[in-house]
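Residue numbering for the sequence shown follows the working numbering, starting at 3 and increasing by one per position.
Beta carbons are placed, not taken as given, at the ideal position from N, Cα and C, and that holds for glycine.
Every value quoted in this text rests on a predicted model; they were computed, and no experiment measured them.
Step one of this worksheet: look at the structure below.
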Amino acid sequence: MTGFDLTKLLAERGAERYDLHAKHINHQLPRMLHTIGFDKVYERAEGAYFWDADGQDYLDMLAGFGVMGLGRHHPVVRQALHDVLDAGLADLTRFDCQPLPGLLAEKLLTHTPHLDRVFFGNSGTEAVETALKFARYATGRPRVLYCTHAFHGLTTGSLSVNGEDGFRDGFAPLLPDTAVELGDLAALERELRRGDVAALIIEPIQGKGVHPAPPGYLRAAQDLLHRHKALLIADEVQTGLGRTGDFFAYQHEDGVEPDLVCVAKALSGGYVPVGATLGKDWIFKKVYSSMDRVLVHSASFGSNAQAMAAGLAVLAVMEDEEIVANARHTGDLLRTRLAALTDRYELLHDVRGRGLMIGIEFGRPRSLKLRGHWTMLQAARKGLFAQMVVVPLLQRHRILSQVSGDHLEVIKLIPPLTIGEREVDRFVTAFTEVMDDAHRGGGLMWDFGRTLVKQALQGG
Ligand SMILES: Cc1ncc(COP(=O)(O)O)c(C=O)c1O
């Protein structure tokens, strides 16, 4: 026995969590959480719920930014992790072939019959970095195209294809990549004609603001890319594994067969970081073209047994519990019920998305009564109204959600894919109450808006 006792450590020092974070990690996180009153102490979680120390339940409409596709602590994934630890495998020797990576690759590829091989890394951004490297190497071309407002992760390669200045500023020089407007085929063709483009990387539904690629765009872009001997990379880090009501979001459209597909988040089962880049045989054969190049792209923790076991368990649960179909049905129900509210609330402008990836967009009200409040918030900072909705959803209704990116009046819902009618009812009821409150035009909610304005003006 060593002196290490995790349970004791948590019991003794768990209460210091916010102070420790402020002192040793990113001090702005606790600061932000204190400001908006999100500084809760959650003690326990299961499925789509957390519980605080008083035993109050919180509904999770965020799923750890999409990591908790199956909700928290799914018993099958948990058991697989117990089993893999108990098996005492000779993992990560690095000079043998373990069974679990091959089995997970085989299983993943059943969902993309046109692809042949998988590279396993440890995160979404690493899955993207892999795709960028493979595309450049396979085509022998330097430039990657990406969409304005795109998000593909925050390491330097992924940042080079990030469509937001807020993330990029101050980190130059980045790679010589170029943004094109989502849906603009003429712009895409113009760039392709220069003959130096390796690939276009795209989220089939853009996470920032929840913007689906326009109908027909992915197929047309793919045809253009292939005509110019460039590749299509689908970033399914957020949209993949059932989130949008198809196993992969690109499958919503017939005939779309990306050359490389990036996967991460939900494949982890919420436990073990993992990234996977699925691709065509010829691309992998080119990158790993000789024995000398066997480690030309690799990761020390890639393919580790815990990640592979969690991934295999996730895919098995997805089949057994018909998770993709549930995401589609429950997503349709939630979107339809929310969309029905757009006639009732002048501040509610749009409800969009697919499956359980839903954007709720707010906009300028018609009535004079509300317009003054709205204008005051917009003048201080765009996105404050959406924040004003997210806060009472948590404070009054114990529902965790998020604003879909800086300066956006959009709330993004990406709950666990296991939710059902009960959670839809709870969300819609709470949202209706918050919107009723906002449309009354006075009271606590707009007072809180003024507090946010003050915070926004102070900065720091
Ligand atoms: C579409 C997309 N790609 C890549 C990433 C980066 O993933 P990670 O945070 O695991 O690096 C994200 C993360 O939100 C994402 O949404």
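Local Cβ density within 10 Å of E128, reported as buried at 16 or more and exposed below that: buried
Touch test, the segment 199-211 against the segment 225-237, Cβ-Cβ under 8 Å, three pairs minimum: yes
Cβ pair A107, V86 closer than 7 Å: no
A329 Cβ short of 6 Å to ligand 1 heavy atom set: no
Beta strand (DSSP E) segment containing K414, residue limits: 412-415
Distance, I38 Cα to V393 Cα: 7 Å
Closer than 6 Å: G209 CB and nearest ligand 1 heavy atom: yes
E205 CB to nearest heavy atom of ligand 1 below 6 Å: yes
Validate contact between the segment 248-255 and the segment 217-230 using beta carbons, cut 8 Å, 3 pairs: yes
Rounded distance between the beta-carbons of G71 and G277, thought under 8 Å: Not quite, the Cβ-Cβ distance comes to about 15 Å (not below 8 Å), so this is no contact.
Straight-line gap, H299 to V265 (C-alpha atoms, nearest Å): 17 Å
The segment 169-189 touching the segment 312-326, judged by at least three CB pairs closer than 8 Å: no
Local conformation of E60 per DSSP, three classes: The displayed chain sequence assigns Tyr, not Glu, to residue 60. Y60 falls in the strand class under three-state DSSP.
Buried versus exposed, by CB contacts within 10 Å (16 or more), P144: exposed
Where N28 falls, given that 16 or more other Cβ within 10 Å makes a residue buried: exposed
Proximity test, H154 beta-carbon vs ligand 1 heavy atom, cut-off 6 Å: yes
contact_flag[the segment 421-436, the segment 78-93] where n(CB pairs < 8 Å) is 3 or more: no
Any non-hydrogen atom of ligand 1 within 6 Å of S125 CB: yes
F122 - containing beta strand (DSSP E), residue span: 119-123
Outcome for D349 when other beta-carbon atoms lying within 10 angstroms are tallied against a minimum of 16: The displayed chain sequence assigns Leu, not Asp, to residue 349. That one is buried.
Neighbourhood of L156 by C-beta, 7 Å cutoff - its chain only, sequence neighbours within 5 removed: T127, F169
Neighbourhood of K109 by C-beta, 7 Å cutoff - its chain only, sequence neighbours within 5 removed: L314, L317
Any non-hydrogen atom of ligand 1 within 6 Å of D237 CB: yes
Meets three-Cβ-pair contact criterion under 8 Å: the segment 353-362 and the segment 206-214: yes
Whole-angstrom C-beta distance between K267 and V69, which should lie under 8 Å: 5 Å
Distance CB(V130)-CB(V146) smaller than 7 Å: no
Rounded C-alpha distance that separates E193 from R229: 13 Å
A251 CB to nearest heavy atom of ligand 1 below 6 Å: no
Closest residue to F67 among L419, A440, L187, P115 (Cα-Cα distance): L419
Minimum C-alpha distance to W448 - residue among R138, K210, L372, A341: L372
Within 7 Å, strictly: CB atoms of I360 and L415: yes
Closer than 6 Å: A17 CB and nearest ligand 1 heavy atom: no
Cross-strand partners of D54 (DSSP beta bridge): Y44
Coarse secondary structure for D427, derived from DSSP in three states: helix
Per-residue DSSP class, three states only, for M359: strand
Residue of T158, G185, E166 minimising C-alpha distance to A174: T158
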